[in-house]
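>
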Amino acid sequence: MRLNIQTDYALRLMMHLAVKRDGLVSAAETANLFGVSKSHLMKVASALVRAGYVESVRGRSGGLRLSPEGFAVSVGDVVRLMEGDLDVVECFQKGGGECLISPACKLRGALHRALEAFLTVLDQYTVDDLTANNAKLFSLLDGEAA
3 MRLNIQTDYA LRLMMHLAVK RDGLVSAAET ANLFGVSKSH LMKVASALVR AGYVESVRGR
63 SGGLRLSPEG FAVSVGDVVR LMEGDLDVVE CFQKGGGECL ISPACKLRGA LHRALEAFLT
123 VLDQYTVDDL TANNAKLFSL LDGEAA
């Protein structure tokens, strides 16, 4: 399974915000840190704010911070939010698509079980799990170990 770039950016942003636990971070700072497009990152941040995982503080000294829910959210939930469409093959779509072999195909069941297993594993990890007690990550994202 390949995740889209928005999901990648969302997880990186949330990890960066978790590392900067007590401060506000600008989207530009995160975009520069990861070498990604600020406009793409802003779209991702907006989705995370709407979901309640990230808080946005407006104004001159504003920025982004992880909400309490953001620390506790599962990686699987972030993937579901950002991916939206997890239809890995045509027959997963509403209406089943137009594949000739759909009525007899066992691949659909296997792929469905694989997708569920993928998400089940991701549901076992929170953003906090990815960042807590991770001195090397703190060093890379914050310049100092926490």
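Residues 3 to 148 (my numbering) make up the sequence shown, in order.
Note that the Cβ used here is the ideal one computed from N, Cα and C, for glycine as well.
Evaluate the contact criterion for the region 75-86 versus the region 57-65: three or more CB pairs, one atom per stretch, below 8 Å.
Short answer: they don't touch.
> Which residue marks the beginning of the beta strand (DSSP E) containing Leu66, and which one marks its end?
Segment Gly65 to Leu68, the beta strand (DSSP E) holding Leu66.
> Closest to Asp10 by CA distance: which of Leu26, Ala20, Glu31 and Phe36 is it?
Nearest C-alpha to Asp10: Phe36.
> Ignore the nearest five residues each way along the sequence and tell me which others in Asp144's own chain have a CB closer than 6 Å to its CB.
Cβ neighbours of Asp144 beyond the five flanking positions: Val21.
> Which of the three DSSP states is assigned to Val38 in this structure?
Of the three classes helix, strand and coil, the one that applies to Val38 here is coil, per DSSP.
> Spell out a yes or no on whether the region 48-61 and the region 80-87 are touching, meaning 3 or more CB-CB pairs, one atom from each, closer than 8 Å.
The region 48-61, when compared against the region 80-87, does touch it at the 8 Å Cβ threshold.
> Between which two residues does the beta strand (DSSP E) carrying Ser28 extend?
From DSSP, Ser28 is part of no beta strand (DSSP E); its letter is neither H nor E.
> Report all residues from its chain with a CB closer than 7 Å to the CB of Thr32; omit the five preceding and five following residues, and keep chain order.
Counting only Cβ-Cβ distances below 7 Å, and skipping sequence neighbours, we find Leu15, His18 and Leu43.
> Could you check where the beta strand (DSSP E) with Ser58 kicks off and where it finishes?
Here the beta strand (DSSP E) through Ser58 covers Val56 to Val59.
> Identify the residues that DSSP records as bridge partners of Thr122: which are they?
The partner list for Thr122 (beta bridge, DSSP) is empty, contrary to what the question assumes.
> Alpha carbons only, please: which of Ser28, Val46, Lys45 and Leu88 is nearest the one belonging to Arg4?
Here the closest residue by C-alpha is Leu88.
> DSSP has Thr128 in a bridge; who is on the other side?
The partner list for Thr128 (beta bridge, DSSP) reads Ser76.
> Taking Cβ positions, are Thr133 and Leu124 nearer each other than 8 Å?
For Thr133 and Leu124, no; Cβs fall outside 8 Å.
> Can you say whether Ala119 is buried or exposed, counting buried as having 16 or more other CB atoms within 10 angstroms of its CB?
Its Cβ having fewer than 16 others within 10 Å, Ala119 is exposed.
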